[in-house]
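Enquirer:
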Ligand code: 5RP
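This is the structure in structure tokens:
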């Protein structure tokens with residue numbers, strides 16, 4: 001079973017939780033894309049859904065495949081969000097934002113009664129932190145914010161590099177027109193301490209640690225999909 005098939009397996013299992021007429025947050029990333037493709041097939045068969053996308057990328061795919069979309073302001077209370085993750089630990093704490101959509105993903109997930117995470121088993125970890133933690137920061141004062149994040153890391157005894165995300169066109173920009181810092185700590189032993197510390201830095205718009213937000217995670221593996229609660 002290749003990586004794409006595992007993503008499809010997780011997405012398929014998540015679709016069983018989507019009921020006709022639901023107000024649905026739709027995540028971002030390659031796993032969420034598979035979910036959108038399967039959802040679109042159901043919609044084409046007459047299934048009704050009110051989708052709220054977590055990124056421009058997801059919105060484009062939904063429009064292309066005919067999944068009806070609303071803004072979060074049209075639909076401020078959602079029944080369920082289905083989204084991927086970069087890392088998931090046993091307490092369902094997540095690292096998200098590898099695809100750069102963490103701010104909208106977190107806003108949409110917090111507006112949802114439930115969040116189900118879909119992932120292949122490579123995302124399940126004992127300790128978070130192997131995947132660099134994305135931190136979305138305001139453009140204004142970016143260097144000062146970078147230094148403040150470094151000071152926080154050193155206060156918490158975390159070592160590693162903190163780098164501004166860039167792509168071939170230059171500095172990476174989120175849908176909200178912010179920069180992203182990727183913090184490679186290697187280990188995040190106390191996610192709550194980092195989350196609180198980052199939230200207290202004014203230039204930090206949002207960070208990719210999702211604590212107490214996921215209701216369940218559907219983990220795909222060659223032996224089948226299992227649900228962690
Ligand atoms: C985007 C995210 C994604 O959910 C995360 O990066 C996982 O993506 P993929 O399914 O492609 O591995 O947080 O901001």
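Residue numbers (the UniProt record's numbering): 1 to 229.
Just so it is clear, CB atoms sit at the ideal spot from N, CA and C, and this is done for glycine as well.
This one's a predicted model, so the numbers in the text were calculated from it and none came from an experiment.
What does the alpha-carbon distance come out to for the pair residue 35 and residue 172?
Expert: Taking the straight line joining both Cα atoms gives about 25 Å.
Enquirer: Taking the straight line between their C-alpha atoms, what separation do you get for residue 69 and residue 13?
Expert: Those two C-alpha atoms are separated by around 22 Å.
Enquirer: Can you list the residues near the ligand 5RP, meaning Cβ strictly closer than 5 Å to any non-hydrogen atom, in the order they appear in the chain?
Expert: In chain order, the qualifying residues are 28, 29, 30, 31, 84, 86, 96, 97, 98, 99, 101.
Enquirer: With DSSP as the reference, identify every bridge partner of residue 114, one or two as the case may be.
Expert: 80, per the DSSP bridge assignment.
Enquirer: In whole angstroms, what separates the C-alpha of residue 48 from that of residue 112?
Expert: Roughly 18 Å separates the two Cα atoms.
Enquirer: For residue 210, which residues does DSSP report across the bridge?
Expert: Residue 210 pairs with 94.
Enquirer: Which residues does DSSP pair with residue 164 in a beta bridge?
Expert: DSSP lists 181 as partners of residue 164.
Enquirer: Please name the residue, chosen from 22, 93, 75, that lies closest to residue 189 on a Cα-to-Cα basis.
Expert: Measuring from the Cα of residue 189, the nearest candidate turns out to be 93.
Enquirer: Considering only their Cβ atoms, is the gap separating residue 183 from residue 162 smaller than 8 Å?
Expert: Contact flag set, yes.
Enquirer: Under a Cβ-count criterion, where at least 16 other Cβ atoms within 10 Å of its own Cβ denotes burial, should residue 76 be classed as buried or exposed?
Expert: By the neighbour-count rule (16 or more Cβ atoms within 10 Å), residue 76 is not buried but exposed.
Enquirer: Could you check which residue in 102, 25, 114, 40 has the C-alpha nearest to that of residue 73?
Expert: Checking every option, the nearest Cα to that of residue 73 belongs to 25.
Enquirer: Note down, in chain order, each residue of its chain lying with its Cβ closer than 8 Å to the Cβ of residue 177, except the 5 sequence neighbours on either side.
Expert: Hits under 8 Å: 139.
Enquirer: By Cβ distance, which residues of its chain are closer than 6 Å to residue 114, with the 5 residues on each side in sequence left out?
Expert: Once the five neighbours on either side are set aside, the close Cβ partners of residue 114 are 80, 215.
Enquirer: Less than 8 Å between the beta carbons of residue 156 and residue 207, yes or no?
Expert: Cβ distance not < 8 Å, so residue 156 and residue 207 don't count as in contact.
Enquirer: Taking Cβ positions, are residue 95 and residue 209 nearer each other than 8 Å?
Expert: In contact: residue 95 and residue 209 (Cβ atoms closer than 8 Å).
Enquirer: Counting C-beta neighbours from all protein chains within 10 Å, is the total for residue 21 16 or more, i.e. buried, or is it exposed?
Expert: Its Cβ having fewer than 16 others within 10 Å, residue 21 is exposed.
Enquirer: Rounded to whole angstroms, what's the CA-CA distance from residue 50 to residue 23? Just pull it up for me.
Expert: Whole-angstrom Cα-Cα distance: 5 Å.
Enquirer: Using the rule of at least 16 other Cβ atoms within 10 Å of the residue's Cβ for burial, across every protein chain shown, is residue 200 buried or exposed?
Expert: Exposed is the call here.
Enquirer: Following the continuous alpha helix (DSSP H) through residue 197, name the residue where it begins and the one where it ends.
Expert: Its alpha helix (DSSP H) spans residues 191-199.
Enquirer: When you compare each of 164, 117, 150, 194 to residue 90 by their alpha carbons, which one comes out closest?
Expert: Comparing Cα positions, the closest option is 117.
Enquirer: Label residue 101 either buried or exposed according to how many other C-beta atoms from any shown protein chain fall within 10 Å of its C-beta, with 16 as the threshold for buried.
Expert: With 16 or more Cβ atoms within 10 Å of its Cβ, residue 101 is classed as buried.
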